[in-house]
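Novice: According to our numbering, the stretch in the sequence shown is residues 1080 to 1783, in order. Don't be surprised by glycine CBs; every beta carbon is placed ideally from N, CA and C.
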Amino acid sequence: MKPVKKNKSTAGLFVFSMLSLQCSAAIGADDQATSIAPHVDTSNWKCKYCEFEEGFSGEVEIGAGYVSDSSFKFGEYNGLYEKGAYFIGNADARYRGDDAAYVDLFIRDLGLETRSIGIEGGKQGKYKLFLRYDEIPHYISDTAKTPYQGNGSATLTLPSSWVYAPTTSGMTDLANSLQQVDLKTKRKRIDVGAAFTPTKWEYAVKYRHETKQGQTATAGAFVVNAAQLIKPVDSVTDQIDASVSYNSKRWQAALAYYGSFYKDNNDSLTWESAYNTPPPGLDGQLALAPDNQFNQFVLSGGVQVTDGTIASAEVAMGQMEQNENFLPYTTVAALDSSLPSNSLNGVVDTLTANLKVISAITDKWRLNATYTYNDRDNKTPQLTFDSWVTTDTFVNGPRTTLPYSFTENDFKLSADYRLVRSTKLGFGYDYETIERTYQEVDKTKENTLWANFTVRALDTDLIFKIAGSNRDVSNYTPVPEIQPPENPLLRKYNMADRERLVSKMHASILPVENITLGLSVDYATDDYSDTQIGLTDGSEFSIHADAAMLLTETTNLHFFVGQQKIQSNQAGSQALSTPDWFADNDDTITTAGIGITQRINEQIDIGADFTVSRSVGEVIVTSGGVPSVFPDNVTNLDSLKLYANYQFKEAMSLYFGYWYESYDSSNWALDGVAPDTIPTLLSFGTESPSYDVSVIALALRYQF
């Protein structure tokens, strides 16, 4: 558990305010001296808040923590997935020299698998060098079970005692063969780089080397018989960023290069069929992520045209390549045939351009204009597969690849008008077109009008915004190359006619000196009125309120509450004709929390935070006029955090933290589904996650 650090924002605000007041007073005195007052000698004036840090300083934290129970869901990203004790090790160290030289060092979570360490140093305004190492785990599931052996490798086999059967209920050795397998991955990342600014020019380069290892879930099938499988993860990604830039008083320019190179150390996953139809002993094969690379050059610049007008532009040209060798159609020699090519020879050129102009034409008016061009030109040659094989069983007729491309143009124009000093009115118009190849729609056009009203006074912050858009679609025609053919009444939601309305309101008010109140309300609707098959409409509503109170000089209280509702309706057709079933989806997420901090005396401060979250997902499917109500998907989360700091010496303090979290979920797609529940699916039997975990941490902090 990462210790909670003491909040220093109030002290920082005080220092900043005092510094501003003293600087303003000094400037005001100097202005008067040049007019009617006698000259004042300020050469010996000193600002005690303006002293610059020199020498070494930092903080070291060493301690121990304990996790009460093991849970992949609780430790999904924080590293606290395993029951038992762990080491707490964190550190920050800084050096500041009188010649602008500096060094920054940090260490985080040294005793956990989320550990990171980094160092940066150089001379301010001249150069810097940095080196960083991170470990980034992802704990996915610790309840998956499988009879397959060799998990984590590229070849999965069944035990010698395995009993083949046409359905999972006849696999009598299944219960004896099941073994638990953890689904998890870990990234190990190294960043190294440098930047040099000898004059107005700056040169920068950064290199990242990342490995990712572990195992995740996938699935394979023979005809209609399927099995969930463990997919190996073993990849390497190298990235390079390099740039040169020039900065002057009125204009800037930069040229940059970005390269990404991905390699998967496994080309494919092979597994043995658990069914006796087709005959036992048949192996299936799945291709894994292919090796690929991306190279891009970016030219950008900006210029201050006049005192009130700034223009900037950016052009990025890139190319994606993928040329991994194809696998055979099938592992069944009798069904295999020659491929039209040894590899895809995949090439995609990308071109992105941005142009932006901001102009303050008067003290009250400001205009903004932006134009974005985005082009994806897929130059991959088309390949025709004469007799391809599905699920290592069926030989199919010819199929030709469709190298999808698109071109997007986006233009935005907006204006701000300041009615009075604290009140501003804004309005704008957005126009977007997208042209596509090998898609059901050749071109879509979307027009958006919006307006906002902002009030920012000393004790009040109010923002209102409303936007309406209309997406117009050219003739929707199913792609003839897609087989089996699509329902001609189908409309994919991202290429369907749509009317959208969005409204937002945010208010932040300081009714009295020691209380701050906030309220946000968002509402949006989508209407696909011309859609018969597909998503027909959707809406989202959210409301959030919060408050912060300074109860006494040593007591702070804050709380929040919010709710979000997401609703959508869709229509489908089992007969590939007019609608014959309808689905209503409703999700409700409610969150609330309260926290308090208390400074007991100059040595002791304590704090507490309590958060609750509730989510419910409801699905109703109506077919033939008869509704079928699915079980609700429910998630409940309660989290309590307590902490205390004891400053027993000027440079030393003791930290104590306690974290309790309870999580409970239900998902009808997982609950009660054992490996043999579905006759034609050999599943993992994964359970909906739930846990009750407590974490205790005790650490000694030393400042120097």
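Since residue 1254 is in the alpha helix (DSSP H), which residue starts that stretch and which ends it?
Specialist: On the sequence shown, position 175 is the one that residue 1254 refers to. Element bounds for residue 1254: 1253–1256.
Novice: What is the rounded straight-line gap between the Cα of residue 1482 and the Cα of residue 1546?
Specialist: Here residue 1482 refers to the residue found at position 403 when the sequence shown is read from its first residue. Here residue 1546 refers to the residue found at position 467 when the sequence shown is read from its first residue. Each residue's Cα considered, the two are about 35 angstroms apart.
Novice: Between residue 1287 and chain C, is there a C-beta pair that is closer than 8 angstroms?
Specialist: You won't find chain C in this structure, because it holds only one protein chain.
Novice: Measure the alpha-carbon distance for residue 1179 versus residue 1202 and round it to whole angstroms.
Specialist: Stepping through the sequence shown from its first residue, residue 1179 is reached at position 100. Stepping through the sequence shown from its first residue, residue 1202 is reached at position 123. Rounded to the nearest angstrom, the two C-alpha atoms are 5 angstroms apart.
Novice: Leaving out five residues on either side along the sequence, give the residues of the same chain with a beta carbon under 6 angstroms from the beta carbon of residue 1315.
Specialist: By 1-based counting over the sequence shown, the position of residue 1315 is 236. Same-chain partners within the cutoff: 1290, 1342.
Novice: With three or more beta-carbon pairs closer than 8 angstroms as the criterion, would you say the segment 1686–1700 touches the segment 1715–1725?
Specialist: Yes, the segment 1686–1700 is in contact with the segment 1715–1725.
Novice: Given residue 1085, which residues of its chain have a CB within under 8 angstroms of its CB, disregarding the five upstream and five downstream residues?
Specialist: Translated into positions along the sequence shown, residue 1085 becomes position 6. With a pLDDT of 38 at residue 1085, under the threshold of 50, the predicted position of this residue should be treated as unreliable, and no value is reported.
Novice: Just to confirm, are residue 1331 and residue 1347 a CB contact at a threshold of 8 angstroms?
Specialist: Working through the sequence shown from its first residue, we reach residue 1331 at position 252. Working through the sequence shown from its first residue, we reach residue 1347 at position 268. Cβ distance not < 8 angstroms, so residue 1331 and residue 1347 don't count as in contact.
Novice: If we ignore side chains and look at the alpha-carbon of each, how far apart do residue 1404 and residue 1413 end up?
Specialist: Along the sequence shown, read from residue 1 onward, the residue named residue 1404 stands at position 325. Along the sequence shown, read from residue 1 onward, the residue named residue 1413 stands at position 334. So the two alpha carbons sit approximately 21 angstroms from each other.
Novice: Alpha carbon to alpha carbon, what distance is there between residue 1544 and residue 1588?
Specialist: Looking up residue 1588 in the sequence shown gives position 509. Looking up residue 1544 in the sequence shown gives position 465. Taking the straight line from one Cα to the other gives about 18 angstroms.
Novice: Quick one: what's residue 1446 bridged to in DSSP?
Specialist: In the sequence shown, the residue the question calls residue 1446 occupies position 367. Paired residues: 1438, 1494.
Novice: If you reduce the DSSP assignment to three classes, tell me which class residue 1327 lands in.
Specialist: Translated into positions along the sequence shown, residue 1327 becomes position 248. Of the three classes helix, strand and coil, the one that applies to residue 1327 here is coil, per DSSP.
Novice: For the segment 1573–1643, list the alpha helix (DSSP H) runs that are entirely contained and at least 4 residues long, ordered along the chain.
Specialist: The qualifying runs do not exist here; there are none.
Novice: DSSP has residue 1135 in a bridge; who is on the other side?
Specialist: Against the sequence shown, residue 1135 aligns to sequence position 56. According to DSSP, residue 1135 bridges with 1174.
Novice: How long is the line joining the alpha carbons of residue 1579 and residue 1525, rounded to whole angstroms?
Specialist: Locating residue 1579 in the sequence shown gives position 500, counting from the first residue. Locating residue 1525 in the sequence shown gives position 446, counting from the first residue. Near 10 angstroms, if we compare the C-alpha coordinates of residue 1525 and residue 1579.
Novice: Helix, strand or coil for residue 1115 per DSSP?
Specialist: Translated into positions along the sequence shown, residue 1115 becomes position 36. Legend: pLDDT at residue 1115 = 34, less than 50; position of this residue unreliable, value from coordinates given subsequently. Coil.
Novice: Under the rule that 16 or more other beta-carbon atoms within 10 Å means buried, what is residue 1593, buried or exposed?
Specialist: Counting from 1 along the sequence shown, the entry for residue 1593 is found at position 514. Exposed, since its Cβ has fewer than 16 Cβ neighbours within 10 Å.
Novice: Please classify residue 1258 as buried or exposed, where buried requires at least 16 other C-beta atoms within 10 Å of its C-beta.
Specialist: Here residue 1258 refers to the residue found at position 179 when the sequence shown is read from its first residue. Result: exposed.
Novice: How would you write the range of the beta strand (DSSP E) that residue 1364 sits in, first residue to last?
Specialist: To locate residue 1364, count along the sequence shown from 1; it is residue 285. That run of the beta strand (DSSP E) goes 1362–1366.
Novice: Taking DSSP's pairing of strands, which residues face residue 1338 in a bridge?
Specialist: Along the sequence shown, read from residue 1 onward, the residue named residue 1338 stands at position 259. Residue 1338 pairs with 1319, 1374.
Novice: With a threshold of 7 angstroms on Cβ separation, who are the neighbours of residue 1370 within its own chain once the five nearest residues in sequence on each side are excluded?
Specialist: Along the sequence shown, one-based indexing puts residue 1370 at 291. Excluding sequence neighbours, residue 1370 sits near 1341, 1342, 1343, 1403.
Novice: Beta-carbon within less than 6 angstroms of residue 1436's beta-carbon, same chain only, minus the 5 sequence neighbours each way: which residues are those?
Specialist: Within the sequence shown, residue 1436 is the residue found at index 357, counting from 1. Here the set comprises 1390, 1448.
Novice: How long is the line joining the alpha carbons of residue 1240 and residue 1649, rounded to whole angstroms?
Specialist: Indexing the sequence shown from 1 puts residue 1240 at position 161. Indexing the sequence shown from 1 puts residue 1649 at position 570. Rounded to whole angstroms, residue 1240 to residue 1649 spans 47 angstroms at the Cα level.
Novice: Label residue 1458 either buried or exposed according to how many other C-beta atoms from any shown protein chain fall within 10 Å of its C-beta, with 16 as the threshold for buried.
Specialist: Working through the sequence shown from its first residue, we reach residue 1458 at position 379. Looking at its Cβ environment, which holds fewer than 16 other Cβ atoms inside 10 Å, residue 1458 is exposed.
Novice: In this structure, what does DSSP give as the bridge partners for residue 1169?
Specialist: Start at 1 with the first residue of the sequence shown, and residue 1169 comes out as number 90. 1140.
Novice: Could you tell me whether the segment 1253–1267 touches the segment 1214–1221, where touching means 3 or more Cβ pairs closer than 8 angstroms?
Specialist: Short answer: they touch.
Novice: Relative to the alpha-carbon of residue 1036, which residue among 1328, 1185, 1204 has its alpha-carbon at the smallest distance?
Specialist: Summary: the structure shown does not reach residue 1036, with the chain confined to residues 1080 through 1783, and so no result is reported for it.
Novice: Under DSSP, the beta strand (DSSP E) around residue 1395 begins and ends at which residues?
Specialist: Locating residue 1395 in the sequence shown gives position 316, where the first residue counts as 1. First-last of the beta strand (DSSP E) with residue 1395: 1388–1401.
Novice: Which class does residue 1314 belong to by DSSP, given the choice of helix, strand or coil?
Specialist: As a working mapping, residue 1314 is identified with position 235 in the sequence shown. Here residue 1314 sits in strand by DSSP.
Novice: Please determine if the segment 1349–1366 and the segment 1292–1309 are in contact, where contact requires at least 3 C-beta pairs separated by less than 8 angstroms.
Specialist: Segments in contact, yes.
Novice: Per DSSP, what kind of secondary structure is residue 1195 in: helix, strand or coil?
Specialist: Within the sequence shown, the letter at position 116 stands for residue 1195. If DSSP states are grouped into helix, strand and coil, residue 1195 belongs with the strands.
Novice: Return the chain-ordered ranges of every beta strand (DSSP E) run that is complete within the segment 1485–1545 and spans a minimum of 3 residues.
Specialist: 1485–1499, 1502–1515, 1522–1535, all fully within the segment 1485–1545.
Novice: In the segment 1205–1261, which residue ranges form an unbroken beta strand (DSSP E) of at least 3 residues, counting only runs that do not cross its ends?
Specialist: Complete beta strand (DSSP E) runs here, min 3: 1206–1225.
Novice: Taking just the CA atoms, how far does residue 1502 sit from residue 1148?
Specialist: Within the sequence shown, numbered from 1, the residue matching residue 1148 stands at position 69. Within the sequence shown, numbered from 1, the residue matching residue 1502 stands at position 423. If I take the Cα positions, the gap works out to 54 angstroms.
Novice: List the endpoints of the continuous beta strand (DSSP E) containing residue 1408.
Specialist: For the purposes of this step, residue 1408 is taken as residue 329 along the sequence shown, with counting starting at 1. Note, residue 1408: premise wrong, no beta strand (DSSP E); not H, not E.
Novice: Touching or not, the segment 1449–1469 and the segment 1486–1497, by the rule of three or more beta carbon pairs under 8 angstroms?
Specialist: The segment 1449–1469 is in contact with the segment 1486–1497.
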